[in-house]
Ligand SMILES: C[S@@+](CC[C@H](N)C(=O)[O-])C[C@H]1O[C@@H](n2cnc3c(N)ncnc32)[C@H](O)[C@@H]1O
């Protein structure tokens with residue numbers, strides 16, 4: 009097969025699958041994901057620039073198609089463990105085969121586990137220098153209990169990305185509950201904390217230094233780096 013024919017065949021394979029992340033496979037082959045490549049790149053810079061990933065172990069919880077696991081590998085992580093369950097199950101439109109195609113072509117060294125968030129523990133997934141907990145927090149029925157468990161897996165830095173509740177005029181910690189599908193019409197969204205709430209929770213579960221950035225223009229999302 010010529011290089012051109014191989015790219016066409018890969019693009020057809022990619023197109024046959026559902027995608028959350030728009031992933032660049034090279035040579036013009038791109039997955040048709042919801043989260044555009046330019047956004048993945050911008051978020052990646054905010055996630056990884058403050059970290060020295062080289063030689064570190066990274067756990068990516070709720071990796072979906074694996075865009076940030078690939079980026080951690082590119083940035084020199086010694087070991088990357090990517091986990092998910094919901095997005096790969098019949099509860100969701102995602103498909104683990106998209107992650108597997110990404111891994112096969114872009115970072116075969118990534119290790120993978122199909123494990124649901126309630127089953128994550130230091131016994132099941134171990135401890136890691138860096139834990140990525142991106143876009144998962146507000147989906148949890150028991151966010152504080154889960155954060156405490158996930159924190160125990162991070163020996164150096166926990167990176168938490170979440171939707172943020174807009175609550176001006178207070179620096180007190182608050183978290184809003186969505187009993188139905190009030191947040192983005194999605195019944196899997198339960199909670200939206202404000203910045204002070206995330207910072208207070210992260211401090212409570214053992215982190216000393218916390219920084220926060222909005223990923224880009226979206227003031228209602230925050231990326232928190234929590235350091236031991
Ligand atoms: C918005 S996606 C974020 C994907 C990826 N981490 C990122 O930042 O692009 C939400 C992730 O949370 C995971 N998740 C875990 N438990 C969930 C639940 N109960 N409901 C919905 N999503 C859940 C999904 O499988 C999915 O990977």
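Residue numbers (the numbering used here): 9 to 236. A virtual CB, placed ideally from N, CA and C, is assigned to each residue, including glycine. These figures come from a predicted structure and were not determined experimentally.
The alpha-carbon of residue 135 is positioned some 20 Å away from that of residue 218. Counting only heavy atoms of ligand 1, the residues whose C-beta sits closer than 5 Å to one of them are, along the chain, 70, 72, 92, 94, 95, 125, 142, 143, 144, 147 and 196.
DSSP, reduced to helix, strand and coil, places residue 209 within a helical segment of the structure shown.
For residue 47, the enclosing alpha helix (DSSP H) has its first and last residue at 45 to 56. DSSP, read as helix, strand or coil, puts residue 150 in coil.
Collapsing the DSSP output to three states places residue 201 in a strand.
Inter-segment contact for the stretch 40 to 57 and the stretch 115 to 134 is absent: fewer than three beta-carbon pairs are separated by less than 8 Å. If only uninterrupted beta strand (DSSP E) runs of at least 3 residues are considered, those enclosed by the stretch 123 to 179 are 136 to 142 and 162 to 171. Residue nearest to residue 45 within the set 222, 79 and 180 is 79 (criterion: CA-CA distance).
When 34, 20, 55 and 60 are compared, the shortest CA-CA separation from residue 223 is found for 55. By the CB criterion at 8 Å, residue 74 and residue 107 fall inside the cutoff. When 210, 168, 118 and 147 are compared, the shortest CA-CA separation from residue 190 is found for 147.
The stretch 145 to 161 and the stretch 194 to 212 touch, with no fewer than 3 CB-CB distances between them shorter than 8 Å.
Between residue 66 and residue 51 the beta-carbon gap is near 15 Å, outside 8 Å, which marks them as no contact.
Here DSSP, grouped into helix, strand and coil, assigns residue 109 to helix.
CA-CA distance, residue 180 to residue 208, rounds to 9 Å. In this chain, the beta strand (DSSP E) harbouring residue 68 covers 65 to 69. Judged by DSSP secondary structure, residue 219 falls within the beta strand (DSSP E) whose first and last residues are 217 to 221.
The C-alpha of residue 14 lies about 16 Å from the C-alpha of residue 110. With fewer than 16 neighbouring CB atoms inside 10 Å of its own CB, residue 129 falls in the exposed class.
Residue state for residue 10 is assigned as coil, using DSSP reduced to three classes. Put simply, of 159, 33, 9 and 229 the residue whose alpha carbon is nearest the alpha carbon of residue 212 is 159.
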